[in-house]
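Asks: Residue numbers (the UniProt record's numbering): 1 to 227. Sharing a structure here in structure tokens format.
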């Protein structure tokens, strides 16, 4: 009887050990946190006037802890790259979506885009912002995909990739410009903080919406050169 040797077994054991160490480390980090931490509430309340926005959540996400949001944009992009690395877009069903879904998408998509724009604008002083606006735009994209719409091959190449990295790229560009001007990473000048935050949020919302729709698509779309 021939014994089958699994060549991937050592790598699987190594991965299991690394994941075990990571799990133990994360568990220790969480359990060692103080039961009652002061958090950022006092700092935010003291410096909200120089943050560029009046909504404390937006002030934390885009100003005081902006680098966290920058990394979150990177994680979202990496998730999409992981999906794209597995397979291409599944074959589209030849069955039509039906008149109800087609009409629903025509009515709701423009409304969802308006709602996304409102959430983006209102995030400076009320609940809203880039992630909420991006989620609504992503829902509009999902609705279009369910209705049978597929991105054109010309858009699936370089234009799509530029759109996907616009949010992360805007973060990096603004941060580098501020460093060159002698400030820290994402340390906005108070007179221009609101404008810079709105600029970053607009780019991030667009990238988030397109990324979520691309994740729902379930694979790497074909470009003109792949046909």
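Even for Gly, the Cβ is constructed at its ideal location relative to N, Cα and C. None of the values given here were measured: they were computed from a predicted structure.
Below 6 Å CB to CB, which residues in the same chain sit around residue 76 once its five sequence neighbours on both sides are set aside?
Replies: The sequence position of residue 76 within the chain shown is 76, counting from 1. Hits under 6 Å: 211.
Asks: Looking only at its own chain, which residues have a Cβ that is under 7 Å from the Cβ of residue 40, when we skip the five neighbours before and after it?
Replies: Locating residue 40 in the chain shown gives position 40, where the first residue counts as 1. Contacts found: 60 and 64.
Asks: Is residue 204 closer than 9 Å to residue 140 when the C-beta atoms are compared?
Replies: Here residue 140 refers to the residue found at position 140 of the chain shown. Here residue 204 refers to the residue found at position 204 of the chain shown. Not closer than 9 Å, so no.
Asks: Determine whether the beta carbon atoms of residue 73 and residue 155 lie at a separation below 9 Å.
Replies: Indexing the chain shown from 1 puts residue 73 at position 73. Indexing the chain shown from 1 puts residue 155 at position 155. Against a cut-off of 9 Å, the Cβ pair of residue 155 and residue 73 comes out as no contact.
Asks: Write down the C-beta distance between residue 207 and residue 164 rounded to the nearest angstrom, noting that I regard them as a contact closer than 8 Å.
Replies: The count along the chain shown starts at 1 and reaches residue 207 at position 207. The count along the chain shown starts at 1 and reaches residue 164 at position 164. Going by Cβ atoms, the distance from residue 207 to residue 164 rounds to 6 Å, so yes, they are a contact pair.
Asks: Which residue marks the beginning of the alpha helix (DSSP H) containing residue 149, and which one marks its end?
Replies: As a working note, residue 149 is residue 149 in the chain shown. Taken as a continuous stretch (DSSP letters only), residue 149 belongs to no alpha helix (DSSP H), as it is neither H nor E.
Asks: Might you give, ordered along the chain, the residues of its own chain that have their beta carbon closer than 7 Å to the beta carbon of residue 1, omitting 5 neighbours on each side?
Replies: Start at 1 with the first residue of the chain shown, and residue 1 comes out as number 1. Because the pLDDT of residue 1 is 49, which lies under 50, any placement of that residue in the model is unreliable, and the number read from its coordinates should be weighed accordingly. No residues qualify anywhere along the chain.
Asks: Considering just the uninterrupted stretch of the alpha helix (DSSP H) at residue 56, what are its terminal residues?
Replies: One-based indexing of the chain shown puts residue 56 at position 56. Per DSSP, residue 56 belongs to the alpha helix (DSSP H) from 56-59.
Asks: Leaving out five residues before and five after residue 144 in sequence, what residues of the same chain have Cβ atoms less than 7 Å from its Cβ?
Replies: By one-based count along the chain shown, residue 144 stands at place 144. Same-chain partners within the cutoff: 105 and 109.
Asks: Below 6 Å CB to CB, which residues in the same chain sit around residue 190 once its five sequence neighbours on both sides are set aside?
Replies: Taking the first residue of the chain shown as 1, we reach residue 190 at position 190. Excluding positions up to five away in sequence, the list reads 50.
Asks: For the alpha helix (DSSP H) containing residue 216, name the first residue and the last one.
Replies: Counting from one through the chain shown, the residue named residue 216 turns up at place 216. It spans 193-217 - the alpha helix (DSSP H) in which residue 216 sits, taken as one unbroken run.
Asks: In or out: residue 132 buried (at least 16 other Cβ within 10 Å) or exposed?
Replies: On the chain shown, position 132 is the one that residue 132 refers to. By the neighbour-count rule (16 or more Cβ atoms within 10 Å), residue 132 is buried.
Asks: Quick check on residue 161: does DSSP put it in helix, strand or coil?
Replies: Start at 1 with the first residue of the chain shown, and residue 161 comes out as number 161. For residue 161, the secondary structure class from DSSP, reduced to helix, strand or coil, is helix.
Asks: Does residue 183 come out as helix, strand or coil in the three-state DSSP assignment?
Replies: Translated into the one-based positions of the chain shown, residue 183 becomes position 183. In the structure shown, residue 183 sits in coil (DSSP, three-state: anything other than H, G, I, E or B).
Asks: Out of curiosity, what's the CA-to-CA distance linking residue 176 and residue 148?
Replies: As a first step, residue 176 is located in the chain shown; it is residue number 176 there, counting from the start. As a first step, residue 148 is located in the chain shown; it is residue number 148 there, counting from the start. Their backbone Cα atoms lie some 41 Å apart in a straight line.
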